[in-house]
Amino acid sequence: MGNVTMEMYVKELGNKRIQIADYPGEKGPIIAIHGLTGNHKQMHYYAEMLKGEYRVISIDLRGRGNSSRADVQSSLFKHAEDVIELIQELKVENPILIGYSMGAFISSVLASKLTSVQALILLDGAAISSQQQRDIVQPSLGRLSKEYESQESYIAEIKEIYSRLGIKWTDHLQSVAEYEVHEVDGHWENKSSEDSILRDFDSFYSFVPKEICRQISCKTLLVYASGKIGEFPPLFYEEAYADTKKYTPDIEMIVSTCNHYTMVFENRVEINEGIKSFLKRI
């Protein structure tokens, strides 16, 4: 597709700021929505695969990256409202949504509210949550409220967390880690607040597929990560998706042996092929 240059800019929505990475392309647009503690860089491999053919708009949700702070009572439903505002502000018609983890929950809520959504791609999210997700996710959230003496010491800790989760360190991961911290009053800290991230995480438990998924009218692709996360089981067992599959009117599922994290932190050829084939049929 020649040289497709991504453009970074901030969109003001009233008193809120949303950081955008905009990859130009002919079709689309595809709006890419990252996971709980992620930012637009988490969607890097998918944006790289789709750009040129599709315009990909990858965002930092509020409370992450370079977007403005999250609301005190933050939730995935609040983030969905932000993205609806953004779609209106950018005058986007018939978006395709690709959401990973929390981004999949948010994308489902969006597709249930906006009949203009052309297609929905759920990357291991929009399931029924249980204690299992708390056991896997919560131990790594402590890093969000800690102070570090340097960017390097933050990165050293995140390297350790990721190796426990079965993730190989790469240059791309290095750039993700560098982007998620900043210097404040002589120390380094994550750009996210642990409180608002925990509120967002708690809101997973208010997501009821039976209510939300039955209002989705577009074609939907669910990509399930069946792989173990280091010593842990998969983030969701397949039965956690039973209601999502039962109540979404037009849904198909593909299963990848990747784990929940390698799904975005590695370039997964089998998922790319599945997404391309799905998009051809829209």
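Under my numbering, the sequence shown has 195 at position 195, and the numbering climbs by one with no breaks. All C-beta atoms, glycine included, are put in the ideal place defined by N, C-alpha and C.
- Counting along the chain, D171 sits inside the alpha helix (DSSP H) bounded by residues D171 to Y179.
- Sequence-distant Cβ neighbours of H79 in its own chain, meaning closer than 6 Å and more than five residues away, are L61 and I106.
- In the structure shown, the three-state DSSP call for M6 is coil.
- DSSP places R17 within a strand segment (E or B) once states are collapsed to three.
- In the assembly as shown, Y54 is a buried residue. Its beta-carbon has 16 or more other beta-carbons within 10 Å.
- Listed as beta-bridge partners of F201 by DSSP are no residues whatsoever.
- Taking A70 as the centre and dropping the five residues before and after it, the same chain places the C-beta of R62, G63 and S196 closer than 6 Å to its C-beta, in chain order.
- In the three-state reduction of the DSSP assignment, K219 falls in the strand class, which pools E and B.
- Approximately 6 Å separates the beta-carbon atoms of L110 and L97; this is inside 8 Å, confirming the contact.
- Going by DSSP, K210 is part of the alpha helix (DSSP H) stretching over P209 to I212.
- Inside the region 64-139, DSSP marks whole beta strand (DSSP E) runs of 3 or more residues at positions 96-100 and 119-123, from first to last along the chain.
- Pairing D243 with H187, the inter-Cα distance amounts to about 45 Å.
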